[in-house]
Every structure is written in C-alpha cells, then in structure tokens.
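Written below as structure tokens is the structure these notes are about.
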Amino acid sequence: MLDIQEILKKVRLIEIRTRKAVNEVLAGEYHSLFKGQGVEFRDVRLYQPGDDFRTIDWNVTSRTGELHVKEFHEERQRTLVFAVDVSPSLRFGTAGRLKSEVLAEVCALLAFSAIRSQDRVGLLLFSDRVELFLPPRKGVEHVLRLVREIMYFDPAGRGTDFGEALSALNRLLPRRATVFLCSDFLGALGRGLSVMARRHDLIALCVEDPAEIKLPASGWLEWADPETGRHGWVRTDSAALRKRFHAARLRQRRQLAEAFYRAGVDAVTFSTAADVVPPLVALLRQRARRRAA
C-alpha cells in the first residue's frame, strides 16, 4: 500500500509529464475535440440567401409562413467529463505501468488542455455501481485530484456496469458535454451507448496490456479474474492455445469497434507498453479532418 507521499509523488510526475506534452504537442490540437459542441442557441431570424438550410427552424417557419433560421453563438466554456472504470481489472499491467495509470495519464493530458482553454472538467468513477462523482470545475488542484482518484480510488464494487454509469451521467449532466468513457472494455457494453452518444459527444478511451492480447510462452501460468474471483492454471507453451487466445481477443476487439461505430462513438486504444501521446494526437486529428470535411 502506497503512503500519501508516494501517491503525491506519482501524481506530480504525471502532472510534469503531461503538462510538457500539452505545451509542446497538444496545444494546437485540443479544439478539434469538439464536434457540434461549443455553440449554443441564441435566437431566430428571417432566412437570408446563403444561410445554411440545416439551421432552418421549421416550427417558427410553419407558424409565421416565412423561412426563419436559428442563430447560434460560441459558448465561452465547454465541459469535459471523464467516466472512468475503476473495477479491479484496471489494476493490471505487465509492461511497467498499470492500466489505471495509463488512463490517468490520458485523462490528465486532456484535463490540463481543458483548463488551459478555460474549460471545466468533471469525473465519474464506476465499477458495477457509481463510486464517485466530482462535478465539472476548473483549476490545477481539481485536475490533480481527478488524477489521484483515477489512480488510487478503492472501489466498493467488483464488476463493471457501463449502463449504470451512462444512465447516471445522463441524469447528472443537464447540458451537452464531451464525455470520455475510459475502460479496458473487457466486460459487456450493455445498453445505453447510443442514447448517451445522441445526448453528448461520447468518446471511448480503451486501454490494454500486451499480455491480454498475446499470451507469453511461459509454461504453466497462473491466471485470476479479479472481478469474479475465478482463478486457475494454464499451460502457455502450447502454440495452439496461444493462437486461439490471440484470435479470440482480436475478435473481441472487432466486435467492440463495431459497437462503437454503430453508436456513433469515436474510440482510441492505448497500451501499457507505449507512449499515450501519438494515439491521442491521431484521434484529435481524425476529428479535425471530419469537422473540416
């Protein structure tokens, strides 16, 4: 068990590392996050040649008999919320970092980018229940608390319930926000993904460990499922077994990607064995290209 000084040291190290990346790499990429967000309704006015037909207010038009369009203005402040899985499977890692630490670093990168732009960030931690909700706020100390909670929160639940987390967020967030659903996604997604994606800009941040994709050839290997308590032994020097395991995990990956695509959710995967910045930048640039199209 880490003492408070060790916890603070690890959190500060993440702050130093992520702030450097924010300043040097992400500064120009952050605003590409927001698709269709950052503007809010202000008023209606008569249609003028050149106006976008998508902004026509058909209710006012039918009532007055004249074409009217909606006017919008840019919001001064955006809201980002991280919905982070803190179930026991996230306390795993074979490449020098736990999956929970990788998610904490990714969330820190985005959160420091947000407060630099005067946006607010919030946090919801979940397992098979909602464990903690921190309403969106600004400030460095608030971000550092988010990072600390993601890395070290001790959950009461043992499983993972995405539906419960998404349902809670729909109740807790009255206005549209950019929501990052952060998990290893080893459990079933369940319902609610499409509904959440319609109400908010939902982005999935996936994390995985190399040993979860390819079993090491290590002879007899003890395995354990921290969420169910099941455990046993498997002989990993069997090439056929390793091949079946790898194929099953790739199939699960494809099914997850298809589920996100059907729901209209952008997704990116991070590894405990790799730098988190390149895949995050790739996601932001992909969204920027889509907005420009």
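So for the sequence shown, the numbering used here puts the first residue at 16; every next one is plus one.
A virtual CB, placed ideally from N, CA and C, is assigned to each residue, including glycine.
Straight through space, the alpha carbons of Glu44 and Gly247 are spaced by roughly 46 Å.
Three or more Cβ pairs closer than 8 Å define a contact, and the segment 149-163 meets that threshold against the segment 111-130. Just measuring C-alpha positions, the residue of Ala272, Val99, Thr287 and Ala289 sitting nearest Asp281 is Ala272. Exclusion of the five residues before and after Ile22 leaves Arg163 and Tyr167 as the residues of its chain whose Cβ lies within less than 7 Å of its Cβ. Taking 4 residues as the minimum length, the alpha helix (DSSP H) runs contained wholly in the segment 107-149 are 114-131, in order along the chain. For Ile218, the enclosing beta strand (DSSP E) has its first and last residue at Asp216 to Glu223. Excluding residues up to 5 positions away in sequence, Leu230, Val249 and Arg250 lie with their Cβ nearer than 8 Å to the Cβ of Leu256 in the same chain.
Taking a 10 Å sphere around the C-beta of Phe285, we find 16 or more other C-beta atoms and assign the residue as buried. Between the alpha carbons of Asp224 and Glu156 lies a gap of roughly 30 Å.
Note on geometry: alpha-carbon atoms of Phe97 and Pro189 lie some 16 Å from one another.
When C-alpha distances from Ile218 are compared across Phe200, Arg266, Gly205 and Gly279, the shortest belongs to Gly279.
Judged by DSSP in its simplified three-state form, Lys85 adopts strand. Distances from the CA of Val210 to each of Ser77, Thr109, Arg186 and Ala226 were compared; the closest alpha carbon is that of Arg186. Here the alpha carbon of Trp238 sits roughly 42 Å from the alpha carbon of Ala42. Under the DSSP assignment, Phe168 falls outside any beta strand (DSSP E); it carries neither an H nor an E label. CA-CA distance, Leu149 to Gly137, rounds to 6 Å.
Under the 8 Å Cβ criterion, the segment 169-182 counts as touching the segment 197-214, having at least three qualifying pairs.
Between the C-alpha atoms of Thr94 and Leu181 there is a straight-line separation of about 16 Å. In this structure, Val296 keeps its C-beta atom at 8 Å or more from the C-beta atom of Val121.
In this structure Glu81 is exposed. Its beta-carbon is surrounded by fewer than 16 other beta-carbon atoms within 10 angstroms. When DSSP reads this structure, Gly43 sits in no beta bridge, so it has no partner. Per DSSP, Ala180 lies in no beta strand (DSSP E) segment; the continuous alpha helix (DSSP H) that holds it begins and ends at Phe177 to Leu187.
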